[in-house]
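Trainee: Handing you this structure, nothing more for now.
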Amino acid sequence: MSIQKKYNIALIISLVIHISGLAGMLLGYEEFFAAYTPVNMLIMFLLLIWTQQKPGKHFLMFVITCFLVGYSAEYIGVHTGFLFGSYRYGNILGISFKNIPLIIGLNWFIIIYCCGTAIQLFTSVVEKRLQPEQIPAYKKWSIASLIIDGALLAVFFDWVMEPVAIHLGFWVWAGDGAIPMLNYISWFVISALLLSLFSLFSFHKKNTFAVYLLMIQCMFFLVLRTFLL
Numbered sequence: 094m095s096i097q098k099k100y101n102i103a104l105i106i107s108l109v110i111h112i113s114g115l116a117g118m119l120l121g122y123e124e125f126f127a128a129y130t131p132v133n134m135l136i137m138f139l140l141l142i143w144t145q146q147k148p149g150k151h152f153l154m155f156v157i158t159c160f161l162v163g164y165s166a167e168y169i170g171v172h173t174g175f176l177f178g179s180y181r182y183g184n185i186l187g188i189s190f191k192n193i194p195l196i197i198g199l200n201w202f203i204i205i206y207c208c209g210t211a212i213q214l215f216t217s218v219v220e221k222r223l224q225p226e227q228i229p230a231y232k233k234w235s236i237a238s239l240i241i242d243g244a245l246l247a248v249f250f251d252w253v254m255e256p257v258a259i260h261l262g263f264w265v266w267a268g269d270g271a272i273p274m275l276n277y278i279s280w281f282v283i284s285a286l287l288l289s290l291f292s293l294f295s296f297h298k299k300n301t302f303a304v305y306l307l308m309i310q311c312m313f314f315l316v317l318r319t320f321l322l
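Here my numbering is used: the first residue of the sequence shown is 94, the next is one more, and so on.
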């Protein structure tokens with residue numbers, strides 16, 4: 094099967110799942126559709142793996158690293174309040190270990206991979222328009238852009254998602270329920286760290302479906318944030 098056909102199939106599946114969930118929640122069936130969030134996240138993870146060209150040991154190492162770093166960061170956050178602020182997870186995100194849903198580790202991979210791929214594809218398009226003598230300097234700049242802009246994109250995604258996730262009971266912030274600025278600062282730092290590894294690991298980084306998925310999920314949460322809250 095050609096990679097383009099894989100992209101098309103994955104795009105259709107992701108659109109059907111997100112549009113169905115969006116319609117169901119807006120029609121008043123929030124709890125029913127929210128309960129399937131772990132299944133949705135697992136399917137999106139599997140679609141990203143399926144559409145990854147030439148997955149090798151470096152790609153596998155990146156997936157595992159994102160899971161472990163993401164889970165560890167959440168563990169520290171929940172049990173100490175040090176990284177993100179004081180919060181706790183609800184029961185809606187499925188199987189947990191030490192009060193941290195395991196699916197959260199996969200979610201860190203999904204977000205970082207999609208944001209990194211989006212910036213990587215953008216810088217690649219720009220590079221094609223440069224003169225040969227400009228390319229060496231641009232390559233150095235593009236690495237910094239991948240890390241910084243990718244981390245900012247991840248923080249933006251979290252900012253869009255947070256109010257909806259809280260409303261649906263994914264997690265609860267302590268005190269008055271306000272989202273602390275520390276949350277976004279830590280998101281940027283951890284995302285930048287993982288995107289640095291993204292730039293170092295040698296694997297194919299031009300998965301078009303990953304960009305589509307990032308856009309779909311952003312629109313999903315933006316619409317819910319606008320009409321559900």
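From the three backbone atoms N, C-alpha and C, an ideal C-beta is built for every residue, glycine too.
In this text, all values refer to a predicted model and were calculated from it rather than measured experimentally.
Just to confirm, is the Cβ distance from Phe-177 to Pro-256 under 9 Å?
Mentor: Not closer than 9 Å, so no.
Trainee: Give the DSSP bridge partners of Ser-189, in chain order.
Mentor: Ser-189 is bridged to Pro-194.
Trainee: What are the boundary residues of the beta strand (DSSP E) that includes Tyr-182?
Mentor: Counting along the chain, the beta strand (DSSP E) containing Tyr-182 begins and ends at 180-182.
Trainee: Could you please give the first and the last residue of the uninterrupted alpha helix (DSSP H) stretch that includes Ala-271?
Mentor: Careful: Ala-271 lies outside any alpha helix (DSSP H) and carries neither H nor E.
Trainee: Select from Phe-302, Trp-264, Val-253 the residue whose C-alpha is nearest the C-alpha of Tyr-277.
Mentor: For the residues Phe-302, Trp-264, Val-253, the minimum Cα distance to Tyr-277 belongs to Val-253.
Trainee: Considering only DSSP beta bridges, list what Trp-264 is partnered with.
Mentor: DSSP, once it has assigned bridges, lists Tyr-182 as partnering Trp-264.
Trainee: When the Cα atoms are used, what is the spatial distance from Ala-270 to Gly-243?
Mentor: One detail in the question is off: residue 270 reads as Gly in this sequence, not Ala. Cα-Cα distance, rounded: 28 Å.
Trainee: Since Ile-203 contacts Met-137 with CB under 8 Å, what's their CB separation in whole angstroms?
Mentor: Ile-203 to Met-137, Cβ: 6 Å. Contact.
Trainee: With H, G and I counted as helix, E and B as strand and the rest as coil, what does DSSP make of Gln-145?
Mentor: Correct three-state label for Gln-145: coil.
Trainee: Please list the terminal residues of the continuous alpha helix (DSSP H) segment that includes Lys-150.
Mentor: Run containing Lys-150: 150-173, per the alpha helix (DSSP H) assignment.
Trainee: I think Thr-216 touches Leu-239, with their Cβ atoms under 8 Å apart; what is that distance to the nearest whole Å?
Mentor: Rounded, the Cβ-Cβ distance is 7 Å, consistent with contact.
Trainee: So which of Arg-181, Ala-103, Ser-279 has the shortest CA-CA distance to Ala-258?
Mentor: Nearest option by C-alpha distance: Arg-181.
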